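Engineer: Those protein sequence lines, which keep their order, are chains V and E. Under my numbering, the residue at position 74 of the first sequence is numbered 74, and the numbers go up by one with no gaps. Add 1000 to the 1-based position in the second sequence for my numbering, that's all there is to it. Positions of the beta carbon are idealized from the N, C-alpha and C atoms, including for glycine. Quick caveat, the model's predicted, so the values are computed rather than measured.
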Amino acid sequence: MATPLKRVRGLGAAGRGTETFWRQRVTAIANVPLVIFLVLSIISHIGASYGEVKAYLAQPVVAVLMLALIVSAAIHMRIGLREIIEDYVHTEGCKLLSLILVTFFAALVGIASTLAILKITLGS
Amino acid sequence: MTNKLEAERPLSPHLQIYRPMLTMMMSIAHRITGASLAVGFALLTWWLVAISMGPEAYATVDGFFGSFFGSALLFLFTWALIHHMLGGIRHLIWDTGAALDKTSIEVAAWLTIISSTVLTILIWVAGYGLMGGP
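(1) Only counting the same chain, and skipping five residues up and downstream in sequence, which positions put a Cβ closer than 8 Å to that of isoleucine 79/V?
(2) For leucine 81/V, which residues of its own chain have a beta-carbon under 7 Å away from its beta-carbon, when the five flanking residues on both sides are left out?
(3) Go to methionine 1085/E, then tell me how far its alpha helix (DSSP H) extends in each direction, as first and last residue.
(4) Under a three-way DSSP split, which group does histidine 76/V fall into?
(5) Once DSSP output is grouped into helix, strand and coil, what is the label at isoleucine 46/V?
(6) Does any residue of chain E have a CB that is nearer than 8 Å to the CB of phenylalanine 104/V?
(7) Is there contact here, the stretch 1027–1043 of chain E with the stretch 1066–1086 of chain E, by at least three beta-carbon pairs under 8 Å?
(8) Return the residues of the stretch 1030–1045 of chain E that lie within a Cβ-Cβ distance of less than 8 Å from chain V, sorted by chain order.
(9) Counting contacts by CB-CB distance shorter than 8 Å, is serine 44/V in contact with chain E?
(10) Is it right to say arginine 1019/E is buried, meaning 16 or more other beta carbons lie within 10 angstroms of its own, or is it exposed?
(11) In the DSSP assignment, the alpha helix (DSSP H) including valine 1039/E goes from what residue to what residue?
(12) Enumerate in chain order the residues of its own chain whose CB-to-CB distance from glycine 1127/E is below 6 Å, with the five nearest sequence positions on each side excluded.
(13) Comparing the C-beta of serine 1052/E with each C-beta of chain V, is any distance below 8 Å?
(14) Express the C-alpha separation of glycine 1063/E and alanine 106/V in angstroms, rounding to a whole number.
(15) Within 10 Å of its beta-carbon, does isoleucine 70/V have 16 or more other beta-carbons around it, so buried, or fewer, so exposed?
(16) Closest to histidine 1030/E by C-alpha separation, out of Trp1094/E, Val1118/E, Gly1088/E and Met1131/E, would be which residue?
(17) Is glycine 1087/E close to chain V, meaning its C-beta is less than 8 Å from at least one C-beta of that chain?
(18) Identify whether glycine 1133/E lies in helix, strand or coil by the three-state DSSP scheme.
(19) Could you confirm whether any beta carbon from chain V is found closer than 8 Å to the beta carbon of tyrosine 1018/E?
(20) Determine the direct distance from the alpha carbon of threonine 1112/E to that of glutamate 1106/E, and round the result to whole angstroms.
(21) Whose C-beta lies closer than 8 Å to the C-beta of glycine 123/V among residues of the same chain, with five residues either side of it excluded?
(22) Anything in chain E within Cβ reach of isoleucine 100/V, meaning under 9 Å, just list it in chain order.
(23) Thinking alanine 63/V and threonine 121/V are a contact (beta carbons under 8 Å), I'd like their distance in whole angstroms, please.
The structure is reproduced here in structure tokens:
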């Protein structure tokens, strides 16, 4: 028997209530191995030459993992920063502006990093 | 009328009323490390963009990260990253409903503080050990 509860469960009144919560968790899980990969990548290249660092990042597997980290971290960062603003900024205009700026910032670092990785790995 | 009622309504105690507790500080630390990692992300972007631009741009970034201020900043970001990651894993465990009793949350808090500090130092020791290249 289908009850209204079945339709609402896990979604909330707006039909997409837990989407952000869930996305934050999924990106968090993805970030754990990807961050470990980033830290290992950096510590194994301390003191390395420009050519060595570039050649390392140009490898397909490395580039794919770096792109995954950038996308996952940018989404995770946007959700987290918005959550902080929603909790502490109570002036409507200031809140709206901060929320928009956070989205712009996340998009900017995400797109710039992605382009950099693509340039390095596709070679130009 | 509504405003008057709102003004007289008793407010629930806020942060400054409570004695600082470890778990509360950990919650605040999780937010502060998370927010500061946004700056860390910008530094990562700067590093990647410089590599994509060429040797001169890379030399500038490398010089900054190699300086005392740059290294100190990176050390703090390493700690923030590891602390936020371990704190996040703690949250993921809590999401399953596990380890929410008083003892477990205290133990988890101390584990996060100690292991994030130890891991950060180990990462830097390993980094300096590998310097000059294997």
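Structural biologist: Judging by the given coordinates:
(1) Thr20, Arg23, Gln24 and Thr27
(2) So the qualifying residues of the chain are Val102.
(3) 1068–1095
(4) It is helical.
(5) Looking at isoleucine 46/V - three-state DSSP - the assignment turns out to be coil, as it is neither helix nor strand.
(6) Not one chain E Cβ lies under 8 Å of phenylalanine 104/V.
(7) yes
(8) Arg1031, Gly1034, Ala1035, Leu1037, Ala1038, Phe1041, Ala1042, Leu1044 and Thr1045
(9) yes
(10) exposed
(11) 1022–1053
(12) none
(13) yes
(14) 26 Å
(15) buried
(16) Gly1088/E
(17) Under the Cβ criterion of 8 Å, glycine 1087/E is not counted among the residues facing chain V.
(18) Because glycine 1133/E sits at a pLDDT of 49, beneath the cut-off of 50, its placement in the model cannot be relied upon, and the following sentence gives the value as read from the coordinates. Annotated three-state conformation of glycine 1133/E is coil, per DSSP.
(19) Residue contact with chain V for tyrosine 1018/E: absent (no Cβ-Cβ distance below 8 Å to any residue of chain V).
(20) Those two C-alpha atoms are separated by around 10 Å.
(21) Ala58
(22) The contacting residues do not exist; isoleucine 100/V stays about 15 Å from chain E at best.
(23) 4 Å
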